[in-house]
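In this note's numbering, the protein residues as written are 30 to 285. Glycine residues also receive a C-beta, built at the ideal position from the N, C-alpha and C atoms. A quick write-up on the structure given underneath.
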């Protein structure tokens, strides 16, 4: 039952070229940077990544992206990642861009063993009708477009069929975890980390604070250990390394 692994390198040692990875994180929040760095140092490539976004500020998945280790991304946000946009438009990267809520539910469904589900999100758009550019040819043309999806009516309303997502591995970051893999996430890092963890056949969690079994109140567990196969305890320095995308401060009033 003790799932603690000595190092991040050991935890991802069996990730091979072409593997699929579900990666947690929301913007810069809850990104498993230590595990991503270990994958980078392992030298694997051709990865198929499922994540809300693909890194920012040269951190997180941006490390793998800049090294051209990622072949395909399933996500919902490109944002200010200029290298992500450049590779996509240049035809160097395949991208399945889908609604954020649909991505969340596809990960959850895959983790729960649900092969597919119907949702109203995307009905009447290219999400359902097909034609979204998955890969460009580098000259402005579309080399590969999304196929049409099944649309079905229920009680007079139309819904599109979406497939559940499962991946070879999942990499997530938790604020607290025990040796059995029970995890607690902090605030917005809870948005995608539990869902990504559920979707992975082998899920690796880096935890900021490792505690003994029983130290976490069962009612406070956000993700039960049944979904987690490996746990890596971060050093205090790694746990404290958290970036801020946009630092906003309030101008101080000068006394008259």
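Per DSSP, residue 93 has no beta-bridge partner at all. In this structure, DSSP gives residue 51 an extended state, which the three-state scheme calls strand.
By the criterion of a C-beta distance shorter than 6 Å, residue 216 is surrounded by no residue of its chain, once the five residues flanking it on both sides are discounted. With respect to the 8 Å criterion, residue 46 and residue 74 are classified as neighbours on the basis of their beta carbons. In its chain, beyond the 5 residues on either side, 78, 83 and 124 have a beta carbon closer than 6 Å to the beta carbon of residue 102. Remark: three or more beta-carbon pairs, one from each stretch, lie closer than 8 Å, so the region 34–43 and the region 255–262 are flagged as touching. Sixteen is the threshold: since fewer than 16 other Cβ atoms of the shown chains lie within 10 Å of the Cβ of residue 145, the residue is exposed.
The residue among 205, 268 and 188 with its C-alpha nearest the C-alpha of residue 149 is 188. Judged by beta-carbon spacing, residue 223 lies beyond the 8 Å limit of residue 200, meaning their Cβ atoms are not closer than that value. Its Cα nearest to that of residue 191, the residue 127 stands out among 284, 127 and 219.
Scanning its chain for C-beta atoms nearer than 6 Å, with the 5 sequence neighbours on each side dropped, one finds around residue 179 the residues 190, in chain order. Around the beta carbon of residue 111, fewer than 16 other beta carbons lie within 10 angstroms, which makes this residue exposed.
According to the DSSP assignment, residue 68 belongs to the alpha helix (DSSP H) that extends over 62–71. Distance from the CA of residue 166 to the CA of residue 173, rounded to the nearest whole angstrom, comes to 8 Å. In this structure, residue 157 lies away from residue 193, with their beta-carbon atoms at least 8 Å apart.
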